[in-house]
Amino acid sequence: MFLDSFLSLAYGLLLAAYRLSFLCPLSKFPGPPLAAATGWYEFYYDVIKGGVYPFKIVDMHRQYGPIIRINPWELHVSDPDFYSTLYVSGSVRRTGMFPRQRYGLGVMESHNATESHDLHRNRRKPLDVFFSRQSIERIEGMIGDEIKALDDRLLALRGTGQVINLEYAYASITGDIIGQICSEEPISLVNGPDFSPHWYNLIFTCISQAPLFLHIPWVVMALKLIPVGFLLRFYNGGLAFREYIALARRHIEDAKNSPISADAVHRNSKSSLVRYILSSDLPESEKSTERLGRELMLILGAGTATTTRALNLVTYYAIANPHIEARLREELAAVTKGYPAQMPRWSEVERLPYVTACIKEGLRLSFGILRRLPRTSPDVELRYKGYTIPVNTPVGMSAYMMHTDPDVFPEPFKFIPERWLGDYDPLMNRNFVPFSKGSRNCLGLNLVYAEMNLALAVIFRPDGPRFKIYDTDESDVVLALDWVIPVPKADSRGTRVLVE
Numbered sequence: 113m114f115l116d117s118f119l120s121l122a123y124g125l126l127l128a129a130y131r132l133s134f135l136c137p138l139s140k141f142p143g144p145p146l147a148a149a150t151g152w153y154e155f156y157y158d159v160i161k162g163g164v165y166p167f168k169i170v171d172m173h174r175q176y177g178p179i180i181r182i183n184p185w186e187l188h189v190s191d192p193d194f195y196s197t198l199y200v201s202g203s204v205r206r207t208g209m210f211p212r213q214r215y216g217l218g219v220m221e222s223h224n225a226t227e228s229h230d231l232h233r234n235r236r237k238p239l240d241v242f243f244s245r246q247s248i249e250r251i252e253g254m255i256g257d258e259i260k261a262l263d264d265r266l267l268a269l270r271g272t273g274q275v276i277n278l279e280y281a282y283a284s285i286t287g288d289i290i291g292q293i294c295s296e297e298p299i300s301l302v303n304g305p306d307f308s309p310h311w312y313n314l315i316f317t318c319i320s321q322a323p324l325f326l327h328i329p330w331v332v333m334a335l336k337l338i339p340v341g342f343l344l345r346f347y348n349g350g351l352a353f354r355e356y357i358a359l360a361r362r363h364i365e366d367a368k369n370s371p372i373s374a375d376a377v378h379r380n381s382k383s384s385l386v387r388y389i390l391s392s393d394l395p396e397s398e399k400s401t402e403r404l405g406r407e408l409m410l411i412l413g414a415g416t417a418t419t420t421r422a423l424n425l426v427t428y429y430a431i432a433n434p435h436i437e438a439r440l441r442e443e444l445a446a447v448t449k450g451y452p453a454q455m456p457r458w459s460e461v462e463r464l465p466y467v468t469a470c471i472k473e474g475l476r477l478s479f480g481i482l483r484r485l486p487r488t489s490p491d492v493e494l495r496y497k498g499y500t501i502p503v504n505t506p507v508g509m510s511a512y513m514m515h516t517d518p519d520v521f522p523e524p525f526k527f528i529p530e531r532w533l534g535d536y537d538p539l540m541n542r543n544f545v546p547f548s549k550g551s552r553n554c555l556g557l558n559l560v561y562a563e564m565n566l567a568l569a570v571i572f573r574p575d576g577p578r579f580k581i582y583d584t585d586e587s588d589v590v591l592a593l594d595w596v597i598p599v600p601k602a603d604s605r606g607t608r609v610l611v612e
């Protein structure tokens, strides 16, 4: 045992020495030597400190410059002009995924976590069609029904004194919408007691474990072997993750057990994503329950969490700033005058400049994904100023740094919709990347815009529900930690309101 320990220590020291030496291709890039020597440096800030490595990276850039080495394998760039060079379409060059940024999340083999450019393109192709603008417009009625159900519940709580957690409320409709998209099963979270907090807690409990799982991926595999009773008593995060896996797989098995022809799937606007993939021309190996279950885990989680955060942020700042709320209600009067008999159209609402400004500001400050999105170039070297980046080297940039650049967004941490009105600085559009860019950008951007436009139109129409903030301040809302999905401080109580 002593010999094994000695050999392990010696190997670790030799590996660290190699990573710092001229023999390592990345040794020429600046950065903290400890970060270059070992992944435990990042582990400390991600896991021990609870998800603050993106903010540490900002400090590292201040000290070492616009391109730095942030761990033994990976580079990070802070120059906004480089974003369009790094995140490109497939017609420009092939782009690979750095798999270490997805290991341990349980979504390996999903399109998002696929390392190979060509395999990613094949896996994403049917999804792109399903989440296109045209396809989302086909289900706009379903989205509107869910939002109306939320509005009905909120109006029913007028004057009751019942405290509402807006994050639960928004997670219930985004969960219902993405659930129906994936499986055709209306689960009616929005009508559950207190807006079904179990769904919110399931998603965000899993998300809270992401930093640990990323660094120690075998934990996910081990969870499958641990008795439920042990998890229930000692590790609720692990139990939630197992429940989430089971939910995704159940949707797949239900669709496989009641097959429908490809023609019928394409004719029916209510056909689920699962049925659409099963009827696609993907090879059978790509339609296994295991792989599709991981695809659904990704889509269900991202489809709930990111939009919930953005809607919650916009709503909080609107009700905390009466001038924002008043301007929203005034602008929405015309397009919502027929509600509830007639739901406003997404195409109408998105033309309203102040609503659009609020949505953009909400997306800017909710970031989408807070951490960097590393990409590799498998065929050609990349160049940044005087540096040549070797082929297949992971290089990342982050929406956090793009969205909080004070040279582009003065007072970057303030919610100021007016910055998006009139003749604003075009560099704001360059830096606005909540969905990333290129061949691996966010699949669900059309769904997010549809949900946000319609939800805000209904909630902030002139005769919509009026909220009063209850025992909540800005620190409960602003995003402070990186659990892959950005979240507020760990002891946040959520955005709590009363309906007056």
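Start counting the sequence shown at 113; every next residue gets the next number (the working numbering). Using N, Cα and C, we set each Cβ at its ideal position, and we do this for glycine too.
Go to residue i, then tell me how far its beta strand (DSSP E) extends in each direction, as first and last residue.
| i | result |
| --- | --- |
| Arg181 | Ile179 to Arg181 |
| Thr500 | Tyr499 to Ile501 |
| Lys580 | Phe579 to Ile581 |
| Leu610 | Arg608 to Val611 |
| Leu494 | Leu494 to Tyr496 |
Look up residue i in the DSSP assignment and say whether it is helix, strand or coil.
| i | result |
| --- | --- |
| Pro395 | coil |
| Phe167 | helix |
| Thr207 | coil |
| Gly508 | strand |
| His188 | strand |
| Thr468 | helix |
| Asp594 | strand |
| Val219 | coil |
| Ile276 | strand |
| Arg483 | coil |
| Thr516 | coil |
| Val599 | strand |
| Thr488 | strand |
| Val377 | helix |
| Pro522 | coil |
| Glu62 | Look at the range of the chain in this structure, 113 to 612, and you will see that residue 62 is not part of it. |
| Gly124 | helix |
| Phe243 | coil |
| Cys294 | helix |
| Ala281 | helix |
| Phe325 | helix |
Please state if the CB of residue j and the CB of residue i are separated by a distance shorter than 8 Å.
| i | j | result |
| --- | --- | --- |
| His327 | Val159 | yes |
| Pro137 | Pro502 | yes |
| Tyr512 | Pro166 | yes |
| Arg406 | Met209 | no |
| Val426 | Ile471 | yes |
| His223 | Leu198 | no |
| Val570 | Ile259 | yes |
| Tyr153 | Pro144 | yes |
| Asn558 | Arg245 | yes |
| Met409 | Ala376 | no |
| Arg699 | Leu335 | This structure gives no information on residue 699, because the portion of the chain shown stretches from 113 to 612. |
| Leu423 | Val447 | no |
| Asp366 | Ser295 | yes |
| His188 | Arg552 | no |
| Glu442 | Asn565 | no |
| Ser510 | Arg421 | no |
| Val200 | Gly480 | no |
| Ser139 | Leu132 | yes |
| Glu563 | Pro529 | no |
Let me know if residue i comes out buried or exposed under the rule of 16 or more other beta-carbons within 10 Å of its beta-carbon.
| i | result |
| --- | --- |
| Phe134 | exposed |
| Arg265 | buried |
| Leu555 | buried |
| Ala358 | exposed |
| Thr272 | exposed |
| Ser373 | exposed |
Between which two residues does the alpha helix (DSSP H) holding residue i run?
| i | result |
| --- | --- |
| Lys161 | First-last for Lys161: undefined, no H or E at that position. |
| Thr317 | Pro309 to Ser320 |
| Val570 | Leu557 to Ile571 |
| Leu408 | Thr401 to Ala432 |
| Phe155 | Trp152 to Phe155 |
| Gln454 | Taken as a continuous stretch (DSSP letters only), Gln454 belongs to no alpha helix (DSSP H), as it is neither H nor E. |
| Leu539 | Leu539 to Asn543 |
| Leu267 | Glu252 to Ala268 |
| Ala149 | Pro145 to Ala149 |
| Ile389 | Leu385 to Leu390 |
| Ser196 | Tyr195 to Leu198 |
Are there three or more Cβ pairs, one per stretch, closer than 8 Å when the region 585-603 is compared with the region 491-505? No, because fewer than three Cβ pairs between the region 585-603 and the region 491-505 fall closer than 8 Å, the two stretches do not touch.
Do the region 541-556 and the region 187-198 meet, that is, are 3 or more Cβ pairs less than 8 Å apart? Below 8 Å, enough C-beta pairs join the region 541-556 and the region 187-198 to call them touching: three or more.
Any contact of the region 482-490 with the region 198-208, i.e. 3+ C-beta pairs under 8 Å? As far as the Cβ criterion goes, the region 482-490 touches the region 198-208, which means the pair count is three or higher.
Quick check: the region 574-594 against the region 429-448, are there 3 or more CB pairs under 8 Å? These segments touch.
At least 3 beta-carbon pairs within less than 8 Å: the region 301-308 vs the region 261-277: Because the criterion of three Cβ pairs below 8 Å is met, the region 301-308 and the region 261-277 touch.
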